[in-house]
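A quick write-up on the structure given underneath.
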Amino acid sequence: MILGLHHAQITIPKGAEEEGKQFYCNVLGLEEVEKPESLKGRGGFWLKVGDRDVHVGTEDGFDRRTTKAHLAYLVDNISYWKSVLEQMGIQTIEGAPIPGFDRFEFRDPFGNRVEMIQKL
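Using the UniProt record's numbering, count along the sequence shown one by one with no gaps and you end on 120.
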């Protein structure tokens, strides 16, 4: 039996951890959590998102802008987030409508697709 979702992982280029922390911790306001000692040598960092973790790993050799894979962050003020991102020069894209939700998408500085979604 599957009990739930423990964590999700995205990747950024090797060596881009500081830029990744700047975006995910300082811009999006997510909390960095310490990785176990046994995994620290692999690069990347971990984030706390509500009661789940997002593991930001490192890998090179592919174009993140070509995938539809993404994380969707549930927010309580979607207008605020759209404004913050657009002020930073990040292009936002309206997603196909989903009944009961307002949402938009964007690409993080590394090309990962990200969705912001708010329940109406």
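The C-beta atom is built at its ideal place from N, Cα and C for all residues, glycine as well. Just so we're clear, the structure is a prediction, and the values are computed from it rather than from any experiment.
Say whether chain C places a C-beta atom closer than 8 Å to the C-beta of residue i.
i: arginine 65; result: This model lacks chain C altogether, as it is built from one protein chain only.
Let me know if residue i comes out buried or exposed under the rule of 16 or more other beta-carbons within 10 Å of its beta-carbon.
i: residue 122; result: Shown here, the chain extends from 1 to 120; a query on residue 122 therefore has no answer.
i: arginine 113; result: buried
i: aspartate 60; result: exposed
i: threonine 66; result: exposed
Select from the options the residue whose C-alpha is nearest the C-alpha of residue i.
i: glutamate 94; options: Gly111, Asp108, Met116; result: Met116
i: valine 75; options: Leu3, Arg103, Lys68, Lys48; result: Arg103
i: valine 27; options: Lys82, Thr66, Arg52; result: Lys82
i: arginine 52; options: Glu32, Ala69, Gly41; result: Glu32
i: arginine 42; options: Val49, Gly50, Thr58, Glu34; result: Thr58
i: tyrosine 24; options: Leu85, Leu120, Gly100, Thr92; result: Leu85
With a cut-off of 8 Å on the beta carbons, I'd call residue i and residue j a contact; round off their distance for me.
i: aspartate 63; j: glycine 15; result: About 17 Å; that fails the 8 Å criterion.
Rounded to whole angstroms, what's the CA-CA distance from residue i to residue j? Just pull it up for me.
i: asparagine 77; j: glycine 29; result: 14 Å
i: glutamine 118; j: alanine 72; result: 10 Å
i: glutamate 105; j: leucine 3; result: 29 Å
i: histidine 7; j: proline 109; result: 21 Å
i: tryptophan 46; j: glutamate 34; result: 7 Å
Q: List in chain order: all unbroken alpha helix (DSSP H) runs of 4+ residues lying wholly within the UniProt domain "VOC" (4-119).
A: 17-21, 78-87
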